[in-house]
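In terms of the numbering used here, the sequence shown has 55 at position 54, counting the first letter as 1, and numbering is strictly consecutive. Glycine is no exception: its CB is placed at the ideal position from the N, C-alpha and C atoms.
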Amino acid sequence: MQWYPDGIVKEVRYYTGGAKVAVHTGWWPDGEIKFSYAFKDGQYHRDLREWYNGGQPSKAFYYQDGRETGAQKAWRENGKLYINLVYKKGRRYGIAKQKACFAIVDGKRKGVGDERYDVVDSVSADDGRLSVQ
């Protein structure tokens with residue numbers, strides 16, 4: 002366990018044989034939840050959640066044995082969704098609206114930001130079932 006200087010609990014983490022296990026939880030100094038990460042054998046497993054100070058969500062990811070699977074979402078502090086992805090059978094579907102870093106050379110993009118992803122009409126993960134159209 003870790004504490005803030007005023008004695009409020011900052012983080013609770015669990016280890017077995019040096020590997021992270023169980024649910025690790027952290028709090029902001031005002032006592033609001035900051036993060037909740039589930040681990041199995043040292044790898045993310047199941048829910049990974051983060052919140053901004055004030056309670057609005059920051060990240061909602063899901064893992065299975067260390068690999069991203071299912072719906073993955075992240076929000077900016079202003080509440081705008083900037084990552085909205087679904088992983089199905091190791092493939093990534095959706096949009097990550099992150100700033101791309103690239104240069105324009107001879108009218109063409111060069112450098113980071115040239116990644117290509119499958120484009121689909123819609124993605125949903127209702128009731129734990131993935132639907133990709």
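When DSSP states are grouped into helix, strand and coil, PRO6 belongs to the coil group.
In the three-state reduction of the DSSP assignment, TRP29 falls in the coil class. The way I'd put it, the region 20-34 doesn't touch the region 57-73; fewer than three beta-carbon pairs between them come closer than 8 Å.
Spanning the alpha carbons of ASP7 and ARG92 requires a straight line of approximately 46 Å.
For GLN73, the enclosing beta strand (DSSP E) has its first and last residue at 71-76. Taking all protein chains in view, the Cβ of VAL87 is crowded by 16 or more other Cβ atoms within 10 Å, so the residue is classified as buried.
At the C-beta level, GLU12 and TYR53 stay beyond 7 Å of one another.
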